[in-house]
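Asks:
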Amino acid sequence: MTSASGGKEARKDEIAELARRRGFLWLAFEIYGGAAGFYDYGPLGALLKRRVEEAWRDFYSREGFYEVETTNIAPREIFEASGHLESFIDRAVVCKHCKSFFRRGGGIDVSEKCPECGGELEAAGEFNLMFQTRIGVPKGEREERALKKSEGYLRPETAQGIFLNFQRLLRFNRDKLPFGVIQIGKAYRNEISPRKSLIRLREFTMAEAEVFVDPKEKNNHPRFDDVKDRKLRFVPGDGEEEEKSVEEAVRSGIIANEYLGYHIAKVEEFLDGIGIPEDRMRFRQHEPEEMAHYARDCWDAEFFSDRYGWMEIVGVADRGDYDLSTHASHSNVDMGVHVQPQVQGEVQAEAGKAKTKIIPHVIEPSYGVDRIIYALLESSFYKEQVGNEKRNVLRFKSEIAPIKAAVFPLLNRNELKIKARDVFQKLRDEAIFVEYDDSGSIGRRYRRQDETGTPYCITIDYETLEDDTVTIRERDTMEQVRVAIAEVKDALLK
RNA sequence: GCGGCAAUAGUCUAGCGGUAGGACAUGGGCUUCCCAAGCCUAUAACCCGGGUUCAAGCCCCGGUUGCCGCACCA
Numbered sequence: 288m289t290s291a292s293g294g295k296e297a298r299k300d301e302i303a304e305l306a307r308r309r310g311f312l313w314l315a316f317e318i319y320g321g322a323a324g325f326y327d328y329g330p331l332g333a334l335l336k337r338r339v340e341e342a343w344r345d346f347y348s349r350e351g352f353y354e355v356e357t358t359n360i361a362p363r364e365i366f367e368a369s370g371h372l373e374s375f376i377d378r379a380v381v382c383k384h385c386k387s388f389f390r391r392g393g394g395i396d397v398s399e400k401c402p403e404c405g406g407e408l409e410a411a412g413e414f415n416l417m418f419q420t421r422i423g424v425p426k427g428e429r430e431e432r433a434l435k436k437s438e439g440y441l442r443p444e445t446a447q448g449i450f451l452n453f454q455r456l457l458r459f460n461r462d463k464l465p466f467g468v469i470q471i472g473k474a475y476r477n478e479i480s481p482r483k484s485l486i487r488l489r490e491f492t493m494a495e496a497e498v499f500v501d502p503k504e505k506n507n508h509p510r511f512d513d514v515k516d517r518k519l520r521f522v523p524g525d526g527e528e529e530e531k532s533v534e535e536a537v538r539s540g541i542i543a544n545e546y547l548g549y550h551i552a553k554v555e556e557f558l559d560g561i562g563i564p565e566d567r568m569r570f571r572q573h574e575p576e577e578m579a580h581y582a583r584d585c586w587d588a589e590f591f592s593d594r595y596g597w598m599e600i601v602g603v604a605d606r607g608d609y610d611l612s613t614h615a616s617h618s619n620v621d622m623g624v625h626v627q628p629q630v631q632g633e634v635q636a637e638a639g640k641a642k643t644k645i646i647p648h649v650i651e652p653s654y655g656v657d658r659i660i661y662a663l664l665e666s667s668f669y670k671e672q673v674g675n676e677k678r679n680v681l682r683f684k685s686e687i688a689p690i691k692a693a694v695f696p697l698l699n700r701n702e703l704k705i706k707a708r709d710v711f712q713k714l715r716d717e718a719i720f721v722e723y724d725d726s727g728s729i730g731r732r733y734r735r736q737d738e739t740g741t742p743y744c745i746t747i748d749y750e751t752l753e754d755d756t757v758t759i760r761e762r763d764t765m766e767q768v769r770v771a772i773a774e775v776k777d778a779l780l781k
């Protein structure tokens with residue numbers, strides 16, 4: 288009865304079409320012709336995204352990490368310090384004649400001739416990928432300095448806001464390491480050619496955790512034992528894909544330290560928890576030249592898309608002390624932390640023992656929320672044959688489904704409708720997100736909910752009027768159980 | 001950014017230089033005791049801007065968006 292979806296082409300079109308039609312995802316500015324790289328979330332998309340973000344918050348709250356919310360716009364000097372002004376830039380040249388592309392910095396400049404055909408070169412797409420804006424009205428407009436001082440940029444990652452507040456956050460954590468801080472928010476990158484629906488956006492949502500740790504303690508994560516035996520698929524920068532336990536990966540040096548290993552394992556746990564299939568997930572290490580300017584090591588959690596192949600949905604980077612050190616030197620603020628000397632993880636608390644001062648290292652899991660939404664849509668979508676009819680179904684986990692349940696009167700008759708409305712309102716009052724529908728046949732209503740991923744449908748029939756029981760129909764199996772109205776809530780949340 | 005292809009109701013699509021048609025979906029009604037059934041009915045479209053022409057959804061030019069390839073993805 289149940290079969291996997293059709294061919295790849297059919298599948299991708301149907302997902303985009305379903306997402307549009309059912310109100311998950313719409314091209315932004317559509318009535319004015321749209322703009323590449325910008326999408327709006329419709330009602331169901333916004334709900335789905337909210338559920339994922341809430342699951343993420345809960346997940347990292349359990350790690351003891353507090354959430355902050357920092358600004359989207361920052362003055363120029365922040366990005367001078369962070370290195371984004373200098374490094375977050377695309378420098379390519381193209382030959383006017385033969386259209387060959389060359390990366391600049393690889394020894395090729397516009398003043399030279401094309402190595403392929405000797406034609407004239409021109410700069411192509413040479414600009415910083417950050418959106419520039421102006422903060423306030425520059426005084427003395429003519430003065431270059433005033434103009435430069437008023438330059439601002441939209442953040443290309445949420446992380447900087449956390450680094451800028453490091454001293455405050457350290458104090459908040461009573462001067463102790465390690466600690467983690469999380470943030471969910473928009474980031475902006477003026478991509479040259481955004482494509483692939485939610486995969487490359489110009490405005491997107493990131494969920495990032497910055498974990499600050501004493502560099503000497505990176506191989507001493509207090510809860511490493513919780514994750515050490517988990518087997519993950521790793522693709523090391525210089526090797527073949529292999530399945531290994533997290534502990535093996537760290538001990539054999541594939542993963543540089545326990546902190547990185549622990550957070551890679553946590554990423555897998557989160558993605559698995561929201562329903563990304565394990566067999567479509569792997570962890571791939573960046574090649575040295577692929578690494579961002581701030582990273583000393585980086586592992587991507589990749590999702591296998593039928594449409595696009597392997598694609599990054601989360602990056603876990605070891606940023607070392609890059610960010611705190613660079614902000615320390617640019618701002619002249621001390622980012623050092625006094626730590627007790629430790630022996631094998633035990634604090635030596637003897638009085639008088641001199642503390643040492645270190646710059647913490649940062650381990651950063653950085654989630655692309657929109658890409659995760661895409662991965663969920665694609666991996667949850669199934670086309671099935673039921674009797675002579677087809678059905679589209681989004682098999683979201685119940686916890687992240689936009690709508691929890693729908694309530695139907697079996698027939699379009701007053702006495703059933705009244706009762707169904709009662710049950711519907713009762714569930715709403717219990718803060719469960721439910722829908723009511725009495726249009727068309729019962730089968731049609733089931734199909735509608737299947738396509739929006741609603742895990743449960745509650746149907747009121749004549750038996751309900753006699754004994755206050757209803758049927759609950761489960762989305763994936765299409766099977767029904769009869770449950771007393773008083774127990775519906777628990778049944779939905781089980 | 002470059003090149004190729006494409007763009008018609010919510011969705012999928014038909015269309016000849018001369019009245020824009022269908023299917024599904026959606027709203028209303030009938031029917032229906034559990035999976036897109038049936039009947040009646042209603043709403044609803046030529047991406048944007050120029051040009052050619054008596055007349056353009058159709059031909060030409062430019063733009064936008066999408067798909068594919070190249071490049072890019074710190």
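In terms of my numbering, the first sequence opens at residue 288 and continues consecutively. Glycine residues also receive a C-beta, built at the ideal position from the N, C-alpha and C atoms.
#1: Kindly identify the DSSP beta-bridge partner or partners of Val768.
#2: Hey, would you say Ile471 sits closer than 8 Å to Ala496, going by beta carbons?
#3: Where Ala297 and Met568 are concerned, what is the direct C-alpha to C-alpha distance, given to the nearest angstrom?
#4: So, is Glu304 buried or exposed, given that buried needs 16 or more other C-beta atoms within 10 angstroms?
#5: According to DSSP, simplified to helix, strand and coil, what is Lys684?
#6: On a Cα-Cα basis, can you pick out the residue from Phe491, Tyr326 and Gln454 that is closest to Asp621?
#7: Count Cβ pairs between the stretch 322-334 and the stretch 477-490 that sit closer than 8 Å; are there 3 or more?
#8: Counting pairs of Cβ atoms below 8 Å between the stretch 604-617 and the stretch 556-564, do you hit three or more?
#9: Please look up how many angstroms separate the CB atoms of Leu331 and Pro689, rounded, as I've assumed it's under 8 Å.
#10: Output the distance between the C-alpha atoms of His648 and Val537, rounded to the nearest integer angstrom.
#11: Going by C-alpha distance, which of Pro509, Ala474 and His614 is nearest Phe366?
#12: If we ignore side chains and look at the alpha-carbon of each, how far apart do Ala588 and Thr751 end up?
#13: What are the residues that DSSP puts in a beta bridge with Lys706?
#14: Within its chain, find whatever has a CB closer than 6 Å to the CB of Arg583; leave out the 5 residues flanking it on each side and keep chain order.
#15: What span of residues does the alpha helix (DSSP H) with Lys435 cover, start to end?
#16: What is the DSSP secondary structure of Phe450, counted as helix, strand or coil?
#17: Applying the 10 Å Cβ sphere with the 16-neighbour rule, what's the burial state of Leu780?
#18: How big is the Cα-Cα spacing for Arg717 and Ile479?
#19: Quick one: residues in its chain with C-beta nearer than 6 Å to the C-beta of Tyr549, no 5 flanking neighbours on either side, listed in chain order?
#20: Hey, which unbroken runs of the alpha helix (DSSP H) at 4 residues or more fall wholly within the stretch 562-649?
#21: If you reduce the DSSP assignment to three classes, tell me which class Thr751 lands in.
#22: In chain order, what residues of the same chain lie with their CB nearer than 7 Å to the CB of Lys295, ignoring the 5 residues before and after it?
#23: Report the start-end ranges of each alpha helix (DSSP H) in the stretch 309-338 that is 4 residues or longer and not cut off at the edges.
#24: Does Thr746 pass the burial test, meaning 16 or more other C-beta atoms within 10 Å, or should it be called exposed?
#25: Near Gly439, which residues of its chain fall below 8 Å by C-beta distance, leaving aside the five closest residues on each side in sequence?
#26: Flag this pair as yes or no: are the beta carbons of Arg734 and Arg682 separated by less than 8 Å?
#27: Can you give me the Cβ contacts of Thr758 inside the same chain, cut-off strictly under 6 Å, excluding the 5 residues immediately before and after it?
#28: What is the rounded straight-line gap between the Cα of Phe711 and the Cα of Glu676?
#29: Under three-state DSSP, which class holds Ala303?
#30: Considering Glu665, what are the terminal residues of the alpha helix (DSSP H) in which it resides?
#31: Under 7 Å Cβ to Cβ from Val626, same chain only, skipping five residues before and after it: list those, please.
#32: Under a three-way DSSP split, which group does Ala692 fall into?
#33: Please classify Thr746: does DSSP put it in a helix, a strand, or coil?
#34: State the CB to CB distance for the pair Asp755 and Ala771, rounded to an integer number of angstroms; the pair is presumed to be in contact (CB under 8 Å).
#35: Is it the case that the Cβ atoms of Gln572 and Pro523 are separated by a distance below 8 Å?
#36: Tell me Glu497's beta-bridge partners as DSSP assigns them.
Replies: On the basis of the supplied data:
#1: Ile759
#2: no
#3: Residue placement at Ala297 cannot be trusted, given a pLDDT of 39 that sits under 50; what the coordinates show is reported in the next sentence. Taking the straight line from one Cα to the other gives about 23 Å.
#4: exposed
#5: coil
#6: For the options Phe491, Tyr326 and Gln454, the alpha carbon positioned closest to that of Asp621 is the one of Gln454.
#7: yes
#8: no
#9: 4 Å
#10: 18 Å
#11: Of the candidates Pro509, Ala474 and His614, the one whose C-alpha sits nearest the C-alpha of Phe366 is His614.
#12: When rounded, the distance between both Cα atoms is 48 Å.
#13: The partner list for Lys706 (beta bridge, DSSP) is empty, contrary to what the question assumes.
#14: Asp605 and Gly607
#15: Glu431 to Lys436
#16: Helix.
#17: exposed
#18: The question names Arg, but residue 717 in the sequence shown is Glu. Cα-Cα distance, rounded: 48 Å.
#19: His508, Phe511 and Val514
#20: 609-618
#21: helix
#22: The predicted position of Lys295 is uncertain, since its pLDDT is 31 and thus under 50; no value can be drawn from it.
#23: none
#24: buried
#25: The answer, listed in chain order, is Ile360, Ala361, Pro362, Arg363, Gln419, Thr420, Arg421 and Ile422.
#26: One thing to note: Arg734 has its Cβ no nearer than 8 Å to the Cβ of Arg682.
#27: Thr746, Gln767 and Arg769
#28: Near 29 Å, if we compare the C-alpha coordinates of Glu676 and Phe711.
#29: helix
#30: Looking at the DSSP string, the run of the alpha helix (DSSP H) that includes Glu665 is Val656 to Ser667.
#31: These residues qualify, in order along the chain: Leu464, Asp501, Lys642, Thr643 and Ile645.
#32: strand
#33: strand
#34: 6 Å
#35: yes
#36: Val468
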